[in-house]
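Enquirer:
2 protein chains.
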Amino acid sequence: METITIKDVAKLCGVGVSTVSRAINNHPDINEETKAMIIEVIKKHNYIPNNSARNLKRLNSNAIAILIKGISNPFFSSMIKIFESEIKRKKYTFILQRVDNKEDEIDVAIELVKEKKLKGIVFLGGYFSHQSEKLMQLNVPFVLSTIGTTQKLDRNICSSVSVDDSKESYKIVDYLCKLGHKKIAIITPMDDESIGNLRFNGYISALMDNGIEVEEKLVRFMKDEIDSYSMENGYAVTKELLESGEDFTAIYAICDSCAIGACKAIFDAGKKIPEDYSVAGFDGLDISNYYNPSITTIKQPVEEMAEATIKILFDVISKKTSAQHKTFKAELVIGQSTKAI
Amino acid sequence: METITIKDVAKLCGVGVSTVSRAINNHPDINEETKAMIIEVIKKHNYIPNNSARNLKRLNSNAIAILIKGISNPFFSSMIKIFESEIKRKKYTFILQRVDNKEDEIDVAIELVKEKKLKGIVFLGGYFSHQSEKLMQLNVPFVLSTIGTTQKLDRNICSSVSVDDSKESYKIVDYLCKLGHKKIAIITPMDDESIGNLRFNGYISALMDNGIEVEEKLVRFMKDEIDSYSMENGYAVTKELLESGEDFTAIYAICDSCAIGACKAIFDAGKKIPEDYSVAGFDGLDISNYYNPSITTIKQPVEEMAEATIKILFDVISKKTSAQHKTFKAELVIGQSTKAI
DNA sequence: TTGTAGGCGTTATCAT
DNA sequence: ATGATAACGCCTACAA
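For the protein sequence lines, the chains are A and B, in the order given.
Numbers 9 to 349, taken from the working numbering, label the letters of the first sequence in order.
Numbers 9 to 349, taken from the working numbering, label the letters of the second sequence in order.
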């Protein structure tokens, strides 16, 4: 099965290569009959155009890429679906590109833009701390979706869609306080310059506004040797907390996965939720609703955010607008995992 | 920021393009100093080679692609990690390519082989029913990983790694029977030619061997309008089952996600697990362990399977062996969701 | 050790 | 409506 090229097809059909090219690319000026004949031959011989050659030659493809860090994160699953359908609806090609944790997403993006002649990019997840200079190299429009960034990015360079992580975090911790909790432990990543940090800040402010002192012993950092933001990590941290004998009545994990791990650790210790401890999370994953008890959490409006992301991207591509920044409101979903004391 | 090519770099450095090429590709015969100088200039001007051009020119790249249907399936997450590390350990490039549910994975694969000059492919998930003829076009080695296929594929064409879905399914249903359950409902996909069907067969055989008649009313099909294999689907089906008033003491969902949905429906109906109903799943997802109660399930040895997949693939690539077929044993993990009656 | 030139498979620009 | 031909950016003989 030697590889067959456009030239071979042309010969087989007794036409020139450009005619074959016109046939496969749905060009207007081509005789319908010859086109049909060519398509026939192509099918028969299983000819498939080489994308590398196409991308190399084409000046612009209609492709949008989603770059995503931590592809296994269930939080992104539903967003991806919407990205895909929206992009296809606009007759663009949808490319999903996973980025390794150690890779620099901008480097990956630049490479991809050259390779595939992208029209636009969506960055999903991860921490964003890049110099404007480098972002400039990326000379296509891009949107940061659900990426918190503490640093001040040049707001004209890129667009963004997210929730106010700090404010929403404040909201749920404040809710715990209003329920009467005074000893609220938190599970948070150690050195996180992004959403982890923002959500942690919300925790601090909420406690302060409620006249509660932050206790160092109740600030629990995720384990380095375990995947951050995982159930496993939440479990390990909570187990340690319980065994330390530290006094607390509620635990706030900055993501739902950790919250679930926390719940399990509590159950394994023979305690009950919410009778013995209240547990709260963040994100609004499906599972937080299906868990038993359902988890009190901050639900991000993922569908709307995904739609907005694509809308903004296309607006910028078509030069309808310059960079936009949208902050969505998230919803405090009260589950069965918290109670007043 | 116009795009900069290898020619530009050559000019900037005052050398020929081949020297630049040698520098970026770590060729041996190049002066260390000129190489260092070139690298310097490349960094300064942010030159990034165009992959399309490279792929087009190269006769073979050291790249392996994982094609995966249903990328959001948590079952694949841990496997992907292992694929990646194993492939990188062998100094190959790891490419993760998602396949749309409606797409034909073989078509995608053929295209990708041409575009990236792949050395090998792993197909992950989905149903496999392709003609040998078409598979032949794929003239690189490939392995089907965790793909059940009822049809008899030519065993010499491709390799495979999986569990015996039918047998393992039998195992867990038999376990339920031995616990004394006689009215065991099942949640299974409707028209599934692959693992769904195999697992369903295991259910049937187990019941028969235990002298239990299969009751049509207890065979519940996933809803068409909802994602199959989802918690949501398991919830909807179970809710309907409960409301139908049908008598049963245990429910077996052919995947853990569905089992969790089933649990939640039972809780929402004010019932208890396992006191009122026993629930069993299949797959051995992390969450089945973290759920409350933990779910009795069949745990597939994902790590070993992923490792075996890569090992076989490389064996075939290096012509050490011809196609291999490996079936792994899965483990019945007894959780808190089932009890004897 | 280095430079020149040809070609990878395709599309776009010309003619015809 | 169709065909020849020049790029696209890179790698790699081959020559120097």
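We put the beta carbon where it would ideally sit given N, CA and C, even for glycine.
Pull up the DSSP beta-bridge partners for Lys-106/A, would you.
Expert: In the first sequence, counting from the first residue as 1, residue 106/A sits at position 98. Checking the displayed sequence, the identity of residue 106/A turns out to be Arg instead of Lys. According to DSSP, Arg-106/A bridges with Ile-76/A.
Enquirer: From this set, Val-121/B, Gly-156/B, Phe-275/B, which residue's C-alpha is nearest Ser-177/B's C-alpha?
Expert: The count along the second sequence starts at 1 and reaches residue 177/B at position 169. The shortest Cα separation from Ser-177/B among Val-121/B, Gly-156/B, Phe-275/B belongs to Gly-156/B.
Enquirer: With a cut-off of 8 Å on the beta carbons, I'd call Val-341/A and Thr-305/A a contact; round off their distance for me.
Expert: Walking along the first sequence from the start, residue 341/A turns up at place 333. Walking along the first sequence from the start, residue 305/A turns up at place 297. Yes, Val-341/A and Thr-305/A are in contact; Cβ-Cβ is about 5 Å, under 8 Å.
Enquirer: Mind pulling the chain B residues with CB within less than 7 Å of Cys-271/A?
Expert: To locate residue 271/A, count along the first sequence from 1; it is residue 263. Near Cys-271/A (Cβ distances below 7 Å), the residues of chain B are Asn-300.
Enquirer: Residues in the segment 63–82 of chain B with C-beta within 8 Å of chain A's C-beta atoms, listed in sequence order?
Expert: Asn-63, Leu-64, Ile-79, Ser-80, Pro-82
Enquirer: With which residues is Leu-340/B paired in a DSSP beta bridge?
Expert: In the second sequence, the residue the question calls residue 340/B occupies position 332. Answer is Ile-306/B, bridged to Leu-340/B.
Enquirer: Is the distance from the Cβ of Leu-226/B to the Cβ of Ala-193/B below 7 Å?
Expert: Counting from 1 along the second sequence, the entry for residue 226/B is found at position 218. Counting from 1 along the second sequence, the entry for residue 193/B is found at position 185. Cβ distance < 7 Å, so Leu-226/B and Ala-193/B count as in contact.
Enquirer: On the CB-based measure, 16 or more other CB atoms within 10 Å of its CB, does Met-239/B come out buried or exposed?
Expert: Walking along the second sequence from the start, residue 239/B turns up at place 231. The residue is buried, with at least 16 neighbouring Cβ atoms inside 10 Å.
Enquirer: Opposite Tyr-260/A in the DSSP bridges: which residues?
Expert: Looking up residue 260/A in the first sequence gives position 252. According to DSSP, Tyr-260/A bridges with Ile-194/A, Ala-288/A.
Enquirer: At least one CB of chain A closer than 7 Å to the CB of Arg-97/B: is that the case?
Expert: As a working mapping, residue 97/B is identified with position 89 in the second sequence. Cβ-Cβ to chain A under 7 Å: no for Arg-97/B.
Enquirer: When you compare each of Thr-257/A, Lys-272/A, Ile-195/A to His-189/A by their alpha carbons, which one comes out closest?
Expert: Translated into the one-based positions of the first sequence, residue 189/A becomes position 181. Out of Thr-257/A, Lys-272/A, Ile-195/A, Thr-257/A has the C-alpha closest to the C-alpha of His-189/A.
Enquirer: Kindly list the residues whose CB is nearer than 8 Å to the CB of Met-144/B, restricted to its own chain and excluding five residues on each side of it in sequence; keep chain order.
Expert: Reading the second sequence from its first residue, position 136 is the one you call residue 144/B. Same-chain partners within the cutoff: Ile-165.
Enquirer: Is there at least one Cβ from chain B nearer than 7 Å to Phe-275/A's Cβ?
Expert: Locating residue 275/A in the first sequence gives position 267, where the first residue counts as 1. Contacts with chain B at 7 Å (Cβ-Cβ) include Phe-275/A.
Enquirer: From Ile-14/A to Glu-40/A, what distance separates their C-alpha atoms?
Expert: Along the first sequence, read from residue 1 onward, the residue named residue 14/A stands at position 6. Along the first sequence, read from residue 1 onward, the residue named residue 40/A stands at position 32. Answer to the nearest angstrom: the Cα atoms are 19 Å apart.
Enquirer: Rounded to the nearest angstrom, what separates Ser-60/A and Ser-202/B at their Cα positions?
Expert: Looking up residue 60/A in the first sequence gives position 52. Looking up residue 202/B in the second sequence gives position 194. So the alpha carbons of these two residues sit roughly 34 Å apart.
Enquirer: Indicate whether the contact test is met: 3 or more Cβ pairs, each with one atom in the segment 319–331 of chain A and one in the segment 263–276 of chain A, closer than 8 Å.
Expert: no
Enquirer: DSSP has Arg-228/B in a bridge; who is on the other side?
Expert: In the second sequence, residue 228/B corresponds to position 220, counting from 1. According to DSSP, which records beta bridges pairwise, Arg-228/B is partnered with Ile-195/B.
Enquirer: From Lys-125/A to Ser-153/A, what distance separates their C-alpha atoms?
Expert: Your numbering for residue 125/A matches position 117 in the first sequence. Your numbering for residue 153/A matches position 145 in the first sequence. Computed Cα separation, rounded: 21 Å.
Enquirer: Following the continuous alpha helix (DSSP H) through Leu-184/B, name the residue where it begins and the one where it ends.
Expert: Translated into the one-based positions of the second sequence, residue 184/B becomes position 176. Leu-184/B -> alpha helix (DSSP H) spans 173–186.
Enquirer: Name, please, each residue of chain B whose Cβ falls closer than 7 Å to the Cβ of Glu-119/A.
Expert: The residue labelled residue 119/A in the question sits at position 111 within the first sequence. Residues of chain B passing the Cβ test: Ile-56, Asn-59.
Enquirer: Under the three-state reduction of DSSP, which class applies to Phe-150/B: helix, strand or coil?
Expert: Locating residue 150/B in the second sequence gives position 142, where the first residue counts as 1. Looking at Phe-150/B - three-state DSSP - the assignment turns out to be strand.
Enquirer: Which of helix, strand or coil does DSSP assign to Leu-98/A?
Expert: Position 90 of the first sequence holds residue 98/A. The sequence shown places Lys at residue 98/A, not Leu. If DSSP states are grouped into helix, strand and coil, Lys-98/A belongs with coil.
Enquirer: Does any residue of chain B have a CB that is nearer than 7 Å to the CB of Ser-265/A?
Expert: As a first step, residue 265/A is located in the first sequence; it is residue number 257 there, counting from the start. So no, Ser-265/A is outside the interface.
Enquirer: Look at the alpha carbon of Asp-173/A and the alpha carbon of Tyr-183/A, and state the distance between them as a whole number of angstroms.
Expert: Translated into the one-based positions of the first sequence, residue 173/A becomes position 165. Translated into the one-based positions of the first sequence, residue 183/A becomes position 175. Those two C-alpha atoms are separated by around 15 Å.
Enquirer: Less than 8 Å between the CB atoms is what I'm expecting for Leu-64/A and Val-116/A, so what's the real figure, rounded?
Expert: In the first sequence, the residue the question calls residue 64/A occupies position 56. In the first sequence, the residue the question calls residue 116/A occupies position 108. About 19 Å separates the two Cβ atoms, so there is no contact after all.
Enquirer: In its own chain, which residues sit with a C-beta less than 6 Å from the C-beta of Pro-309/A, not counting the 5 before and 5 after it?
Expert: By one-based count along the first sequence, residue 309/A stands at place 301. Closer than 6 Å at the Cβ level, and outside the excluded window around Pro-309/A, lie Phe-336.
Enquirer: Alpha carbon to alpha carbon, how far is Thr-11/A from Asn-58/B?
Expert: Position 3 of the first sequence holds residue 11/A. Position 50 of the second sequence holds residue 58/B. Whole-angstrom Cα-Cα distance: 23 Å.
Enquirer: Quick one: Cα of Asp-235/B to Cα of Asp-16/A, how far?
Expert: Locating residue 235/B in the second sequence gives position 227, counting from the first residue. Locating residue 16/A in the first sequence gives position 8, counting from the first residue. Going from the Cα of Asp-235/B to the Cα of Asp-16/A covers about 43 Å.
Enquirer: First and last residue of the beta strand (DSSP E) that includes Leu-132/B?
Expert: Within the second sequence, residue 132/B is the residue found at index 124, counting from 1. Segment 128–132, the beta strand (DSSP E) holding Leu-132/B.
Enquirer: What residue from Ile-95/A, Lys-280/A, Lys-142/A has the CA that sits closest to Lys-51/B's CA?
Expert: For the purposes of this step, residue 51/B is identified with residue 43 of the second sequence, where counting begins at 1. Taking only the C-alpha atoms, the option nearest Lys-51/B is Lys-142/A.
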